[in-house]
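For the sequence shown, position 98 matches number 126 in full-length UniProt numbering, and the numbering has no gaps at all. Encoded as structure tokens, the structure appears first; notes follow it.
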Amino acid sequence: SQRWARAMAILQELEEKCATPIGKLKQVADAMTVEMHAGLASEGGSKLKMLITYVDNLPTGNEEGLFYALDLGGTNFRVLRVQLGGKDGRVLNQEFTEVSIPTNLMVGTAEELFDYIAAEVAKFVANEGQDFQVPLGRQRELGFTFSFPVMQTSIASGNLIKWTKGFSIDDAVGHDVVAELTKAIERKGLDMRVTALVNDTVGTLAGGRYTQKDVVAAVILGTGTNAAYVEHAQAIPKWHGLMPKSGEMVINMEWGNFRSSHLPLTEYDLALDAASLNPGDQIFEKLISGMYLGEIVRRVLLKMADEACLFGDTIPPKLKHQFILRTPDMSAMHHDTSANLQVVGNTLKNVLEISDTSLEVRKVVVQLCNVVATRGARLAAAGILGILKKLGRDTLVDGENQKSVIAMDGGLYEHYAEYSKCVENTLSLLLGDEVSETICIEQTNDGSGIGAALLAASNSQYL
Ligand code: ADP
Ligand code: MG
């Protein structure tokens with residue numbers, strides 16, 4: 029029928045516009061490398077902020093004592109305590125609690141948000157057992173993982189540049205997030221000091237390095253996306269501080285804000301961006317991360333419902349709701365292996381209130397998920413290639429096999445198997461067989477929490 033032909037045409041056009049042939053991915057990787065250089069050269073020199081983290085030493089394994097970590101950066105926040113036992117003991121013991129952030133606090137005031145967080149930290153400390161004790165007379169010390177762009181002024185202070193990922197609390201922008209947290213902690217009467225402020229990518233890098241000395245970079249693919257890596261301090265022209273003894277500095281790329289004319293942007297992406305809380309920002313993130321993939325699929329489905337009556341004569345009302353189709357739903361549909369695509373049918377019914385879908389329609393939905401997830405995963409792989417290029421690790425040096433490990437974290441990568449498989453396969457394709465033998469993506473499970481605690485330890489006031 030004519031309607032079906034229209035639906036197929038929309039799908040085909042999407043496929044064409046989302047295509048990421050290897051040549052294009054290499055252009056994206058090159059553009060990433062170019063922007064990395066520009067962002068390191070001068071403040072504001074690129075869409076990539078390439079933030080200096082003040083982390084010039086990664087964990088050695090000698091860290092010792094009880095430390096806390098707090099991870100704020102997405103839908104949940106976590107509080108963690110870790111008993112570190114030095115070279116031989118390593119992580120002796122750890123406990124955590126995870127709390128979801130009420131959505132009204134994501135768009136309220138800084139004081140409300142930080143009071144809520146401090147209250148949870150206080151509760152966590154109050155419930156602590158005998159096996160976790162800080163030495164008498166010492167303050168508890170905390171590594172604060174804060175996964176938004178921050179212009180750091182030291183290892184334990186920094187001003188929020190902007191919110192991302194659905195957070196929007198105007199009175200916090202431009203302010204020192206450690207000072208805000210510290211004030212809230214004091215209001216709760218808790219004796220605790222923030223000794224390290226780290227991005228989750230930096231925490232993941234630190235946690236990764238603790239267990240694997242070949243870790244050179246960290247990537248997060250979760251609600252949002254970002255990357256950090258170890259740079260030579262001399263290769264950072266915009267750094268005017270003292271040369272660190274290690275000669276190294278961890279850089280928080282804030283790669284979610286990457287943008288390039290080589291990125292395959294469609295009408296759906298432009299509309300999503302225009303309707304977002306941060307139009308014009310975080311374009312790379314809006315193509316590849318978990319907060320947005322399901323929303324892109326919804327927008328294509330809406331067009332198919334509108335122009336090709338994919339779900340009958342009227343547009344299913346739920347389909348008009350932004351963000352109603354979440355990436356975990358998309359992933360469940362994408363992974364549906366049942367003959368009649370039952371999971372797809374159920375998801376359409378439960379989430380979008382579209383019942384009685386035909387197998388043909390369900391197949392279209394799966395294909396759509398595949399197109400959107402594949403584009404995202406392949407672009408993520410191109411981003412990783414960009415970092416490896418910057419590090420000179422995308423080729424063999426004198427036939428040498430210097431091993432490079434990318435520490436990876438985030439719910440998208442962890443739970444969306446088709447996506448993570450595609451990231452790995454694409455990276456191998458981009459690098460070629462020989463080099464890809466030397467590169468490995470290692471999934472870390474909440475490495476950023478341990479990493480923040482390790483950095484809290486190495487920046488302790490008692491050292
Ligand atoms: P955050 O990025 O908020 O710190 P996570 O790293 O745990 O938290 O990632 C959570 C994100 O991972 C969710 O917002 C969602 O986009 C994605 N995600 C979680 N579960 C799945 C799933 N089953 N399939 C696909 N994506 C998922
Ligand atoms: Mg996270």
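C-beta atoms are modelled at their ideal positions from N, C-alpha and C, and glycine is treated no differently. Given the structure is predicted, the values throughout are model-derived calculations rather than measurements.
According to the Cβ coordinates, are residue i and residue j closer than 8 Å?
i	j	result
residue 23	residue 160	Since the first residue shown for the chain is 29 and the last is 491, residue 23 is missing from the structure and cannot be characterised.
residue 243	residue 412	no
residue 401	residue 362	yes
residue 422	residue 389	no
residue 216	residue 154	no
residue 562	residue 249	Shown here, the chain extends from 29 to 491; a query on residue 562 therefore has no answer.
residue 433	residue 235	no
residue 487	residue 184	yes
residue 301	residue 311	yes
residue 77	residue 254	no
residue 324	residue 333	no
residue 261	residue 233	no
residue 404	residue 313	no
residue 127	residue 213	no
residue 152	residue 484	no
residue 245	residue 415	yes
residue 205	residue 162	no
Under 8 Å Cβ to Cβ from residue i, same chain only, skipping five residues before and after it: list those, please.
i	result
residue 221	167, 168, 169, 170, 210, 489
residue 455	409, 412, 413, 464, 467, 469
residue 54	410, 413, 458
residue 50	457, 458
residue 287	75, 311, 312
residue 240	433, 435, 470
residue 303	350
Under 7 Å Cβ to Cβ from residue i, same chain only, skipping five residues before and after it: list those, please.
i	result
residue 326	347, 352, 353
residue 36	none
residue 383	377
residue 372	361, 364, 390, 393, 394
residue 322	353, 354, 355, 357, 358
residue 43	399
residue 34	335, 336
With a CB to CB cut of under 6 Å and the five nearest residues on each side skipped, what residues in its chain are close to residue i?
i	result
residue 196	135, 305
residue 448	441
residue 320	314
residue 451	405, 408, 409
residue 504	One cannot answer for residue 504 here, as it falls past the ends of the chain, which runs 29 to 491.
residue 436	247, 469, 471
residue 208	138, 142
Quick one: measure Cβ to Cβ for residue i and residue j, integer angstroms, because I've assumed they're closer than 8 Å.
i	j	result
residue 199	residue 138	5 Å
residue 176	residue 192	6 Å
residue 91	residue 482	5 Å
residue 329	residue 387	Their Cβ separation, rounded to whole angstroms, is 17 Å, which puts residue 329 and residue 387 out of contact at 8 Å.
residue 203	residue 188	6 Å
residue 418	residue 64	5 Å
For a cutoff of 8 Å on Cβ pairs, would you count residue i as touching chain D?
i	result
residue 325	Absent here is chain D; the protein component of the structure consists of one chain.
Evaluate contact between the region 227–242 and the region 278–287, counting only Cβ atoms and requiring at least three cross-stretch pairs below 8 Å. yes
Can you tell me which residues fall inside 5 Å of the ligand ADP, judged by beta-carbon distance to its nearest heavy atom, and keep chain order? 101, 102, 103, 250, 251, 318, 355, 356, 359, 438, 439, 440, 443, 444
Does the region 283–295 come close enough to the region 57–77 to have 3 or more Cβ pairs within less than 8 Å? yes
Using 8 Å as the Cβ pair cut-off and three pairs as the minimum, do the region 65–84 and the region 102–115 touch? no
Are at least three pairs of beta-carbons, each pair with one atom in the region 78–87 and one in the region 266–275, less than 8 Å apart? yes
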